[in-house]
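What follows is a set of notes on a single structure, which appears directly below.
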Amino acid sequence: MKIAIPNKGRLQQPTLQFLQSVGIKSLASDDRALIVPTSWEGVQLVMIRTEDIPNIVESGAAELGITGHDYVIESNADVEELIKLDFGKSKIVLAIPQNWSINSVEELKGKEIRIATKYYNIAREYVTKKELNAKIVKISGAAEVMPSLGASDAIIDVMSTGTTLKLHGLKPIDNVMESYAVVIGNRNWIKSDEADKINLLLTMMKGALAAKGKKMIFMNVPDSKLDEVINSLPAMLAPAITRLSRSDVWEVITVADEDILPEIIAKVKAAGARDIVVVDIEKVVK
Numbered sequence: 001m002k003i004a005i006p007n008k009g010r011l012q013q014p015t016l017q018f019l020q021s022v023g024i025k026s027l028a029s030d031d032r033a034l035i036v037p038t039s040w041e042g043v044q045l046v047m048i049r050t051e052d053i054p055n056i057v058e059s060g061a062a063e064l065g066i067t068g069h070d071y072v073i074e075s076n077a078d079v080e081e082l083i084k085l086d087f088g089k090s091k092i093v094l095a096i097p098q099n100w101s102i103n104s105v106e107e108l109k110g111k112e113i114r115i116a117t118k119y120y121n122i123a124r125e126y127v128t129k130k131e132l133n134a135k136i137v138k139i140s141g142a143a144e145v146m147p148s149l150g151a152s153d154a155i156i157d158v159m160s161t162g163t164t165l166k167l168h169g170l171k172p173i174d175n176v177m178e179s180y181a182v183v184i185g186n187r188n189w190i191k192s193d194e195a196d197k198i199n200l201l202l203t204m205m206k207g208a209l210a211a212k213g214k215k216m217i218f219m220n221v222p223d224s225k226l227d228e229v230i231n232s233l234p235a236m237l238a239p240a241i242t243r244l245s246r247s248d249v250w251e252v253i254t255v256a257d258e259d260i261l262p263e264i265i266a267k268v269k270a271a272g273a274r275d276i277v278v279v280d281i282e283k284v285v286k
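Heads up: the sequence shown begins at 1 in the numbering used here, then just goes up one per residue.
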């Protein structure tokens with residue numbers, strides 16, 4: 001089974017880190033390798049350009065891929081977005097020179113403009129929707145320099161923080177779409193010979209995502225304090241409790257978001273819990 005992932009760019013390292021959290025580690029010793037074995041038997045990583053991944057998955061050359069939602073839309077590839085991931089968040093924006101006295105896309109209506117972009121299909125749909133009189137200049141390199149070179153008046157491009165746009169004298173005036181990393185699959189994956197392995201992998205991916213930012217908490221609670229401690233705890237369903245060998249002490253186990261952990265520990269300690277242990281969670285499989 002092959003998983004197509006970015007060979008470079010802003011999604012590559014987060015993708016490799018995510019796969020490692022799932023349990024899939026690259027075993028390549030050469031950074032130039034295009035097909036890489038992994039710690040999962042029979043699973044290989046295919047290192048290709050991020051924008052090519054939707055078409056590679058559509059063709060069946062890879063069963064799964066991790067790429068940007070923007071590239072899925074731009075490619076028009078017949079693939080299925082199976083999992084929305086928690087990294088790669090960005091915006092596709094329409095940006096114009098900062099010295100223009102224009103602050104909204106509505107002010108561009110009726111004007112003839114040239115828009116440079118690598119997102120030709122997305123830009124074409126956007127221009128039609130906004131009723132702009134725009135010529136789309138398709139490029140493959142950096143869009144930010146096009147207005148200063150005189151190759152375009154504006155750009156449609158990805159923006160994470162906006163710093164790069166400012167450095168090139170540009171300002172965003174409209175959001176074209178939101179983007180984020182996604183796991184995609186061929187629409188016929190469920191019928192493939194690898195369906196069971198793919199389904200297991202998707203389950204593990206969802207489990208790794210569900211575990212992010214969560215901690216498991218163990219504590220010992222005297223019988224007389226049990227109700228008070230349980231009432232102060234959050235839980236995915238309900239805290240698990242087990243009577244210890246000493247009949248007057250219970251072990252209580254729960255899962256909580258990491259950002260409220262200090263509050264929880266303070267509450268249960270005040271309620272009578274002791275021997276509190278907090279551990280990381282690798283996966284939560286539902």
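A virtual CB, placed ideally from N, CA and C, is assigned to each residue, including glycine.
Taking 7 Å as the cut-off, decide whether the C-beta atoms of residue i and residue j are in contact.
i: A208; j: S21; result: yes
i: P54; j: A77; result: yes
i: K8; j: Q44; result: no
i: A62; j: V46; result: yes
i: I253; j: A240; result: yes
i: R114; j: S152; result: yes
i: D275; j: N231; result: no
i: P172; j: V93; result: yes
i: T161; j: A143; result: no
i: T38; j: I24; result: yes
i: A211; j: K283; result: yes
i: E251; j: T242; result: yes
i: V176; j: Y126; result: yes
i: E74; j: I122; result: yes
Using the Cα positions of residue i and residue j, report the straight-line distance between them to the nearest angstrom.
i: E80; j: N188; result: 9 Å
i: K197; j: K214; result: 27 Å
i: A95; j: L170; result: 6 Å
i: L82; j: E194; result: 16 Å
i: V145; j: R10; result: 19 Å
i: V182; j: S247; result: 50 Å
i: T163; j: T128; result: 28 Å
i: S192; j: L200; result: 14 Å
Run the CB neighbour count on residue i, radius 10 Å, all protein chains shown included, and call it buried at 16 or more, exposed below.
i: G185; result: buried
i: S179; result: buried
i: V285; result: exposed
i: V277; result: exposed
i: G60; result: exposed
i: E51; result: buried
i: P234; result: exposed
i: T67; result: buried
i: A270; result: exposed
i: P6; result: buried
DSSP three-state call for residue i: helix, strand or coil?
i: I184; result: strand
i: Q98; result: coil
i: N103; result: coil
i: I139; result: coil
i: G68; result: strand
i: K215; result: strand
i: M146; result: helix
i: E74; result: helix
i: V285; result: coil
i: I198; result: helix
i: R49; result: coil
Counting only the same chain and skipping the five closest in sequence on each side, list residues whose C-beta sits under 6 Å from that of residue i.
i: M216; result: V255, V279 and I281
i: G65; result: A4, I53, V57 and I184
i: D174; result: L94 and V105
What residues in its chain sit with their C-beta under 7 Å from that of residue i, if we drop five residues either side in the sequence?
i: E107; result: none
i: K111; result: N133
Which same chain residues, not among the five before or five after residue i, have their C-beta less than 8 Å away from its C-beta?
i: G42; result: M1 and K197
i: M351; result: The displayed coordinates of the chain run from 1 to 286. Any statement about residue 351 would go beyond what the structure contains.
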